[in-house]
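In what follows, a single structure is set out as structure tokens and then discussed.
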Amino acid sequence: MSTTEHPRGQLSAYLDGALAAPERLAVEGHLGSCADCRARLGDLRATAALIARLPDPMPSRRLVPRLAAPPIWLAPLRTLTTLASGVSVFLFLATALLANVGGLATGSATTAAAPAVAPAASVGAQSARGAQPAATAPAALSNADTAKQAATATPSGAAFSVTQAPASAGAPETATERGGGAPPTPITSPWLWLGLALVTGIAAFALQRRLRSA
Amino acid sequence: MTSSTDPALAALIERARAGDGRAFEELARREERALYRHAARIVGPGPDAEDVVQDAFLSAWRSIRSFEGTSFRAWLFRIVTNRALDRIRSRRRRAELPLEPPVDADVAWAEPVAPGPDLIEIASGKEALAIVEQALKGVPEEQRAALLLRDVEGFAYEEIALMTNTEIGTVKSRIHRARLAVRNTLVARGWRGSAG
């Protein structure tokens with residue numbers, strides 16, 4: 273290759289060290305005397321450097337398949353969390369409904385919270401007493417618990433309503449809320465069941481995805 | 129990254145070849161990001177590129193016993209490159225893309241038309257990277273794949289020839305054309321290159 277013939281088509285391969293020795297030497301010889309080809313080589317080098325520096329796009333999901341067998345406890349746990357989530361949703365609806373029905377039963381009187389809670393507690397206690405002979409279903413136990421808690425909560429609830437009544441004359445909304453809401457026992461709080469439904473639901477969903485991807 | 133130079137990698141490959149799914153997962157995880165960026169720059173980023181890589185991994189796993197080369201990485205890139213190019217061709221058959229990609233007919237060197245920043249000076253500029261990204265999209269995919277395998281992934285011409293089932297002369301020509309096309313786009317956008 274003469275020094276007058278520009279080896280432009282070889283410059284990329286030269287840059288990448290992909291030329292055989294004789295070609296490489298010829299290009300080197302030419303570059304020593306040709307500023308134009310040196311400039312073009314500089315262009316290609318700068319272009320390659322830019323391409324190498326492009327920011328990486330990232331995948332939106334895991335692309336590596338799960339080939340190892342999933343742990344044996346994964347499927348039963350998925351079933352369990354799904355069931356728990358369903359039960360929690362049911363209990364959420366039931367407690368929310370009961371709270372609303374309780375609210376209607378107390379009527380619009382804001383000071384009637386204590387009488388309303390007291391009968392509810394006694395009904396609960398009765399049903400608990402009625403269920404005790406059977407004493408096999410866990411539901412009966414939880415009923416008994418509810419009743420006890422409701423009963424213990426009643427005096428404080430009543431005191432609260434009485435003391436609150438005069439002060440809340442200017443704010444009937446809050447009084448209605450407190451008077452007509454569910455008794456302050458955690459087990460009858462719809463929010464507890466809603467929270468539990470969400471947690472178990474998310475867990476069930478995650479486990480299902482993990483099983484599917486396996 | 130070859131099995132002969134890294135004993136830990138060679139051991140992982142051996143375990144994967146013996147049917148150890150976890151070993152293969154580990155091998156795949158090491159290249160996941162690089163394979164995705166490669167596929168994304170051939171077929172475009174998104175679900176298509178993700179499918180290409182995922183399918184390539186499954187295909188590699190199914191045929192892992194047939195892997196006898198020295199570079200597991202090159203083997204994975206070969207599978208991904210071919211799948212990505214296949215996807216482009218099938219898209220073209222479904223007429224999603226123009227029948228012929230834009231081709232720079234005789235590999236001409238565009239001459240700088242106006243003074244602009246030197247290419248080396250702008251080498252770290254975000255604007256330049258955006259132009260490069262855009263320019264690559266206009267390069268025919270086989271040239272683009274060869275250029276990316278060289279400039280981004282650092283494979284040698286011989287390896288690229290094996291990966292793409294072509295002669296080394298074809299690889300040389302593809303890389304040169306693609307790189308020149310990107311350089312020409314930069315020049316057309318006002319960079320005066322190293323000559324000015």
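As they're listed, the protein sequences go chains A and B.
Plus 272 on top of the position in the first sequence (first one is 1) and you've got the numbering used here.
Plus 128 on top of the position in the second sequence (first one is 1) and you've got the numbering used here.
Don't be surprised by glycine CBs; every beta carbon is placed ideally from N, CA and C.
Predicted model, so just to flag it, every value in this text is computed and none were measured.
Residues of its chain near residue i, where Cβ-Cβ distance is below 6 Å and the 5 sequence neighbours each way are ignored
i	result
A:Ala469	Ser357, Ser360, Val361 and Phe364
B:His288	The sequence as given places Ile at residue 288 of chain B; His does not occur at that position. Excluding sequence neighbours, B:Ile288 sits near Ala274, Leu277 and Val299.
A:Leu369	none
B:Phe283	Leu277
A:Val373	none
A:His278	Cys309
A:Thr354	Ala476
A:Ala366	none
B:Arg317	Ile259
B:Asn312	Ala238
A:Ala285	Leu291
B:Lys265	none
A:Leu322	none
B:Arg217	none
Sequence-distant residues of its chain with Cβ nearer than 7 Å to residue i (five each side left out)
i	result
B:Glu159	Arg201 and Leu204
B:Arg193	Arg145
A:Leu349	Leu479
B:Trp189	Phe152
B:Phe185	Ala156
A:Pro405	Note on A:Pro405: pLDDT 43, under 50, position unreliable in the model; the coordinate value appears next. Answer for A:Pro405: no residue qualifies.
B:Asp183	Arg211
B:Gly149	none
CB contact flag (residue i, residue j, <8 Å)
i	j	result
A:Leu283	A:Cys309	yes
B:Arg215	B:Val171	yes
B:Arg211	B:Val180	yes
B:Thr292	B:Thr198	no
B:Arg221	A:Asp328	no
A:Leu287	A:Ala320	yes
B:Tyr164	A:Pro331	yes
B:Trp237	A:Arg334	no
Supposed close pair residue i, residue j - CB separation, criterion 8 Å
i	j	result
B:Ala177	B:Ala168	4 Å
A:Leu303	A:Leu313	7 Å
A:Leu346	A:Leu483	6 Å
B:Ala263	B:Val315	With a Cβ gap of about 10 Å, B:Ala263 and B:Val315 do not count as contacting.
B:Tyr285	A:Ala475	With a Cβ gap of about 52 Å, B:Tyr285 and A:Ala475 do not count as contacting.
B:Glu269	B:Leu213	6 Å
Spatial neighbours of residue i in its chain, beta-carbon cut-off 8 Å, leaving aside the 5 residues before and after
i	result
B:Gly174	Ala168
B:Leu290	Ala202 and Arg206
B:Ser187	Ile207 and Arg211
B:Thr133	none
B:Ile296	Tyr285, Glu286 and Ala289
task: Would you be able to state if there are at least three C-beta pairs under 8 Å between the segment 272-280 of chain B and the segment 298-315 of chain B?
output: Cβ pair count under 8 Å is three or more, so yes.
Contact the segment 290-297 of chain A vs the segment 134-150 of chain B: 3+ CB pairs below 8 Å: By the Cβ criterion, the segment 290-297 of chain A is not in contact with the segment 134-150 of chain B, since fewer than three pairs of Cβ atoms, one from each stretch, lie closer than 8 Å.
- prompt: Taking contact to mean at least 3 C-beta pairs separated by less than 8 Å, is the segment 328-338 of chain A in contact with the segment 463-478 of chain A?
  reply: Segments in contact, no.
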